[in-house]
Amino acid sequence: MKIIVSEEIESVCPGFVGACVDAVVENSTFSEPLWQEIHAMGEQYRQTLTTESLKEMSGIAATRRVYKACGKDPSRYRPASEALIRRMLQGKELYQIDTLVDLINLASIAFGYSIGGFDADQFVGDTLTLGIGREGEPYEGIGRGMINIHGLPVYRDAMGGVGTPTSDHERTKITMSTRHLVVLINGYDGNEERVTANARFIQDLLRKYAHSDGGTYFLYR
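Everything in the sequence shown is counted per numbering that gives the first Met the number 0, starting at 0 for the first residue and increasing by one.
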């Protein structure tokens, strides 16, 4: 998989660094040990964060800045990482989807980056380009129906959009039959060390919970 960061993104976030984790996996409906990790993370955050202070987490703060620079209201279209942690802080249970989605959510919560998880066999072509959503561009968010991605950072394959920091696309979503997983970490704060740590954390989770050797990862700018 080749990933291109467009000049559009470079202009609003010249320090952007991303990571791509590529792995062969086996999904399952539920993992009790994984959810024990998720609940422990939630308890830690409830003791250390508020719904306001979480916005100061490096990855979240940087993503919100990029949203504003692209003309999007980050309080209306919340980055996924912020929405997940905010839900925890409000004492609400996270939605339990399946093991692959749940572990990606844990990785997003742990580091504050918005992370896209995809069934790579559903991509069209071998290249993803990170750009900015256009006016009227059709996009079906997972469980959201058609959403307005104008002004949102968006990954596109040869057919169209597949992922934004707010919601990934129905066409390339993870299912129980997903075997080839691609995970994209969006480091709008430019912190290469932290993005790398997030990628390795995902690999560890895949080894523990997805019958995987963890696959490989690479950074892109």
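Here a beta-carbon is modelled for each residue, glycine too, at the ideal position from N, C-alpha and C.
Along the chain, where does the alpha helix (DSSP H) that runs through residue i open and close?
i: Ala109; result: 98-110
i: His38; result: 31-47
i: Gly189; result: First-last for Gly189: undefined, no H or E at that position.
i: Val65; result: 57-69
i: Leu88; result: 79-88
Quick one: is residue i buried, meaning 16 or more other Cβ sit within 10 Å of its Cβ, or exposed?
i: Pro164; result: buried
i: Thr177; result: buried
i: Pro78; result: buried
i: Tyr208; result: buried
i: Met56; result: buried
i: Val24; result: buried
i: Gly14; result: exposed
i: Tyr221; result: Residue coverage of the chain in this structure runs from 0 to 220, which leaves residue 221 outside it and unanswerable.
i: Ala22; result: buried
i: Ser10; result: exposed
i: Ala39; result: exposed
Does the distance from the CB of residue i to the CB of residue j come in under 8 Å?
i: Gly213; j: Gln202; result: yes
i: Phe200; j: Ala109; result: yes
i: Tyr66; j: Ile184; result: no
i: Lys1; j: Asp125; result: yes
i: Ile59; j: Ser80; result: yes
i: Gly115; j: Val182; result: yes
i: Gly41; j: Met87; result: yes
i: Lys71; j: Gly150; result: yes
i: Asp251; j: Lys54; result: Nothing can be reported for residue 251: it is not among the residues displayed for the chain, which extend from 0 to 220.
i: Met158; j: Val123; result: yes
i: Val222; j: Ala196; result: Outside the shown range of the chain, which is 0 to 220, sits residue 222, and nothing can be said about it.
i: Ala68; j: Val194; result: no
i: Gly160; j: Glu136; result: yes
i: Asp188; j: Ala61; result: yes
i: Arg155; j: Gln121; result: no
i: Thr50; j: Arg75; result: no
Closest to residue i by CA distance: which of the options is it?
i: Ser5; options: Val153, Arg45, Tyr94; result: Val153
i: Leu204; options: Pro32, Phe15, Val16; result: Pro32
i: Ser166; options: Gln89, Val100, Ser30; result: Val100
i: His210; options: Arg155, Asn26, Thr47, Gln43; result: Asn26
i: Gln95; options: Gly162, Gln35, Arg63; result: Gln35
Under DSSP, the beta strand (DSSP E) around residue i begins and ends at which residues?
i: Cys19; result: 16-23
i: Phe217; result: 215-219
i: Lys1; result: 1-4
i: Arg155; result: 152-155
i: Phe233; result: In the structure as shown, the chain begins at 0 and stops at 220. Residue 233 is therefore absent and cannot be evaluated.
i: Ile131; result: 126-131
i: Gly142; result: Run containing Gly142: none; DSSP gives neither H nor E here.
i: Val161; result: 160-162
Is the CB of residue i under 8 Å away from at least one CB in chain D?
i: Ala22; result: Although the question refers to chain D, the structure presented lacks it and comprises just one protein chain.
Contact between the region 128-136 and the region 5-15 (3+ Cβ pairs under 8 Å): yes
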